[in-house]
Amino acid sequence: PAPCVGRCVQAPAVVVGQHPVADATVDTVARAVSDGRTRDLPSGYVDLEAYQRQGGYALLQSCINGERDVEDVIQALEDSGLRGLGGAGFPAGRKWRIVRNEPAPRLMAVNIDEGEPGTFKDRHYLERDPHRFLEGMLIAAWVVGIHKCYIYLRDEYHGCRALLEQELRRLRASPPWPGMPEIELRRGAGAYICGEESAMIESIEGKRGMPRLRPPYVAQVGLFGRPTLEHNFETLYWVPEILDKGGAWFAAHGRHGRKGLRSFSVSGRVKNPGVKLAPAGITIRELIDEFCGGMADGHRFYAYLPGGASGGILPASMGDIPLDFDTLQPHGCFIGSAAVVVLSDHDTAAAAARNTMRFFRQESCGQCTPCRNGTAKVSELIERDAWDLDLLADLSQVMRDASICGLGQAAPNPVDCVIRYFPQELKP
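Our numbering numbers the first residue of the sequence shown as 1273 and each following residue consecutively.
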């Protein structure tokens, strides 16, 4: 199978060499080939010089110069309610406190692997404003006392890699402070499982990306056996603005009792898909109507995946649930990295579940039997016309209870949701 290039919103996408052709047709692909366009060279982004003209790295300088102390910075993050935006949702300020209290040397690993189907928000922001993320990363490094930073970038993001390599060279040539930690850019290994925090660490260490048993946790024993602060790209992207405007500013944006902002990667049957910055707790109906221009012409809202392939599937009748951490779990779903896929009456939830289970079967690392055999068996069972509901329920329970990592634990979600919410699709 072809690797994901993070362009769900521009499907069909074709890669000519390393050059992505969005909304591809036979003519545009042929033209790219004949023109020899084989490299992805982003342009129009905010480079180091432009970022500094806009006041970039001033917040980091205020930390280094003693205008802000460590406790003030951590408190601002805690006041904001900022949580890990890669899917786990762990409070960022609390994570900084935990790792800061571990013995030095401490390391940082930044996850830009972005392998969850339907997710493309990190690429969207990185291609536009890389130094906002880098400043957030360096502020975190200063607060926690990081010795070295590792950026783990999806290998299929060729343009992002070229961009980051160039901007990191400029940053090293003119560092914001003399004690800036070393920053190393690592290419992802191409596997979905490498987005799992401990599997990513194994990959950075040069080993096969396979999840570790826990405890110990990454914050205590992470990269090369050292305490490690691990963050998703977008979590760090928000740090400068939260420090600039205050934690209360960020927290005030939520809806329906939730706090903060969320970047939703919206794809599927809507008029205007893309990355939508919206209040945390917005409902799918509000997201479609207010940010996506409504459903695509000729399509009626039928169902949605609130959190990518692993986040489950809900019917349109449950379209008023706030989209945020902790709000979807009672319904057998979760928001994860906020990859929202909208289905219409032209689609079926069962077909979506089959598609996601084929993906999980392909991407299982094979380390543990419940996930390795479970994804294969479930995939086989749901390809049949009649689903064995009792056997599927047993397999789902075993995978949830006994899989080592979140891949195997979450893989049954779409199938369970079809059985629970779309029984009409399973009738002969």
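Positions of the beta carbon are idealized from the N, C-alpha and C atoms, including for glycine.
Proximity to residue i [Cα-Cα], best of the options
i, options, result
"LEU1515", "ASP1307, ARG1309, LEU1332", "LEU1332"
"ILE1585", "GLU1562, SER1616, GLU1558, ASP1569", "SER1616"
"GLU1428", "ALA1461, GLY1417, VAL1613", "ALA1461"
"ARG1656", "GLN1669, ALA1674, LYS1699, ASP1619", "LYS1699"
"VAL1318", "GLU1407, TRP1521, THR1391", "GLU1407"
"TYR1693", "ALA1625, HIS1525, TYR1424", "ALA1625"
"GLY1327", "ARG1309, HIS1403, ALA1491", "HIS1403"
"ALA1520", "ALA1348, HIS1528, LYS1548, MET1452", "ALA1348"
"LEU1485", "LYS1479, GLU1439, ALA1471, VAL1286", "ALA1471"
"LEU1457", "ASP1385, ASP1401, TRP1414, ALA1523", "ASP1385"
"ASP1569", "HIS1618, LEU1559, GLY1353", "HIS1618"
"VAL1490", "LYS1479, ARG1480, HIS1503", "HIS1503"
"ASP1312", "PHE1573, ALA1294, ALA1302, THR1507", "ALA1294"
"GLU1343", "ILE1411, THR1628, VAL1613, ARG1441", "ILE1411"
"SER1306", "THR1620, PRO1545, GLY1289", "GLY1289"
"VAL1345", "ASN1544, LEU1508, ARG1572, ALA1622", "LEU1508"
"CYS1276", "TYR1464, CYS1564, TYR1574", "TYR1464"
"ARG1366", "ARG1541, LEU1354, SER1636", "LEU1354"
"GLY1361", "ASN1627, ASP1660, LEU1663, PHE1597", "PHE1597"
"ALA1523", "ARG1433, GLY1553, LEU1664", "GLY1553"
"THR1555", "ALA1588, SER1539, VAL1415, ASN1544", "ALA1588"
"VAL1613", "GLY1583, TYR1576, PHE1632, ARG1630", "TYR1576"
"LEU1653", "ALA1674, MET1629, GLU1321", "MET1629"
"TYR1397", "LYS1548, ASN1627, ALA1674, GLY1566", "LYS1548"
"GLU1712", "LEU1440, GLY1278, ASP1660", "No answer is possible for residue 1712: it lies beyond the span of the chain, which begins at 1273 and ends at 1700."
"PRO1314", "CYS1335, LEU1436, TYR1329, GLU1506", "LEU1436"
"GLN1696", "CYS1564, ALA1658, MET1409", "ALA1658"
"HIS1603", "GLY1546, ILE1691, PRO1551, SER1539", "ILE1691"
"GLY1308", "GLY1579, TYR1323, THR1297, VAL1287", "VAL1287"
"LEU1357", "GLY1579, GLY1338, PRO1488", "GLY1579"
"ARG1400", "TYR1574, GLU1506, ASN1544, ASP1351", "GLU1506"
"PRO1483", "PRO1284, ALA1285, GLN1282, SER1675", "SER1675"
"VAL1416", "PRO1453, PRO1448, ARG1444", "PRO1453"
"SER1535", "ARG1395, PHE1573, GLU1469, VAL1542", "ARG1395"
Burial state of residue i, where buried means 16 or more other Cβ atoms lie within 10 Å
i, result
"GLN1639", "buried"
"GLY1467", "buried"
"HIS1430", "buried"
"ARG1325", "exposed"
"GLU1599", "Note on identity: in this sequence residue 1599 is Thr, with Glu being the wrong assignment. THR1599 should be labelled buried."
"LYS1531", "buried"
"ASN1685", "buried"
"ASP1688", "buried"
"ALA1302", "exposed"
"GLU1635", "buried"
"VAL1542", "buried"
DSSP bridge partner residues for residue i (one or two, in chain order)
i, result
"GLY1546", "VAL1538"
"TYR1424", "ASN1383, ARG1458"
"VAL1613", "SER1539, LEU1577"
"PRO1363", "ARG1355"
"MET1567", "VAL1542"
"LEU1586", "TYR1576"
"PRO1551", "LEU1533"
"ARG1378", "ILE1418"
Endpoints, alpha helix (DSSP H) assigned at residue i
i, result
"LYS1517", "1511–1517"
"ARG1672", "1661–1674"
"GLU1321", "1320–1325"
"PRO1402", "1402–1416"
"VAL1301", "1298–1306"
"VAL1690", "1685–1693"
"TYR1397", "1393–1398"
"ILE1476", "1469–1476"
"GLU1388", "It is not in any alpha helix (DSSP H) - GLU1388 carries neither H nor E in the DSSP assignment."
"ARG1444", "1430–1445"
"SER1334", "1330–1336"
"CYS1643", "1641–1654"
"GLY1680", "1678–1682"
Run of the beta strand (DSSP E) containing residue i, from where it starts to where it stops
i, result
"HIS1503", "1500–1504"
"PRO1292", "1291–1293"
"VAL1288", "1286–1288"
**Prompt:** Counting Cβ pairs, one atom from each stretch, are 3 or more of them under 8 Å apart for the segment 1676–1688 and the segment 1638–1658?
**Reply:** The answer is yes - the segment 1638–1658 touches the segment 1676–1688, with three or more Cβ pairs under 8 Å.
**Asked** Does the segment 1378–1391 touch the segment 1495–1506, meaning 3 or more C-beta pairs lie closer than 8 Å?
**Response** Yes, since at least three Cβ pairs between the segment 1495–1506 and the segment 1378–1391 fall closer than 8 Å, the two stretches touch.
**Item:** Meets three-Cβ-pair contact criterion under 8 Å: the segment 1655–1675 and the segment 1600–1611
**Value:** Cβ pair count under 8 Å is below three, so no.
**Inter-stretch contact (C-beta, 8 Å, three-pair minimum) for the segment 1364–1375 and the segment 1593–1602** = Look at the beta carbons and you see the segment 1364–1375 not touching the segment 1593–1602: under three pairs across the two are nearer than 8 Å.
**Item:** the segment 1386–1393 contacting the segment 1417–1424, beta-carbon criterion three pairs below 8 Å
**Value:** The answer is no - the segment 1417–1424 does not touch the segment 1386–1393, with fewer than three Cβ pairs under 8 Å.
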